[in-house]
Amino acid sequence: MPKMISISSLRQEATQVVKHLREHRQPWTLIQRSRPVAVLLDYETFEAMQTRLRELEEEHLLRVVTEGRREHRSGKTRKINSLADLR
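This is the structure in structure tokens:
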């Protein structure tokens with residue numbers, strides 16, 4: 078479970094929160110008026126998440142292209158005039 082901290086507490090404890098993020102790599106939820114408004118992550122975790130997201134997007138794109146090529150080879154193609162025709 079992520080740790081939670083209010084904006085006012087973060088102002089007072091920023092150094093300790095950053096130290097905790099680096100040491101434990103555990104996200105913190107930033108709270109404003111009793112509602113979650115942001116998530117604080119250590120930079121290495123953030124970068125790893127961004128890298129994995131790009132990898133997943135590339136994998137998805139490759140699957141879509143492969144499926145399109147398969148459909149084209151089997152004659153399952155259609156003419157489109159705009160991207161709206163794909164919907």
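All the letters of the sequence shown, read from the start, carry residue numbers 78 to 164 under my numbering. Glycine is no exception: its CB is placed at the ideal position from the N, C-alpha and C atoms.
Spatial neighbours of L118 within its chain, please: CB distance less than 6 Å, with the 5 preceding and 5 following residues excluded, ordered by chain position.
-> Excluding residues up to 5 positions away in sequence, P104 lie with their Cβ nearer than 6 Å to the Cβ of L118 in the same chain.
In or out: L133 buried (at least 16 other Cβ within 10 Å) or exposed?
-> So L133 ends up on the exposed side.
Sequence-distant residues of its chain with Cβ nearer than 6 Å to T122 (five each side left out) = Only R102 meet the Cβ criterion.
Opposing strand residues paired with K80 [DSSP bridges] = K80 is bridged to W105.
Buried or exposed for L107, please, with buried defined as at least 16 other CB atoms from any protein chain shown within 10 angstroms of its CB.
-> With 16 or more other Cβ atoms within 10 Å, it is buried.
Close beta carbons around R99, own chain, < 6 Å, minus the five adjacent residues each side | Closer than 6 Å at the Cβ level, and outside the excluded window around R99, lie D119.
Less than 8 Å between the CB atoms is what I'm expecting for V94 and I84, so what's the real figure, rounded?
-> About 12 Å; that fails the 8 Å criterion.
When you compare each of L138, S86, V141 and Q127 to R110 by their alpha carbons, which one comes out closest?
-> That would be S86, whose Cα lies nearest to the Cα of R110.
Separation of I157 from H149, as counted between CA atoms | The straight-line gap from Cα to Cα measures roughly 14 Å.
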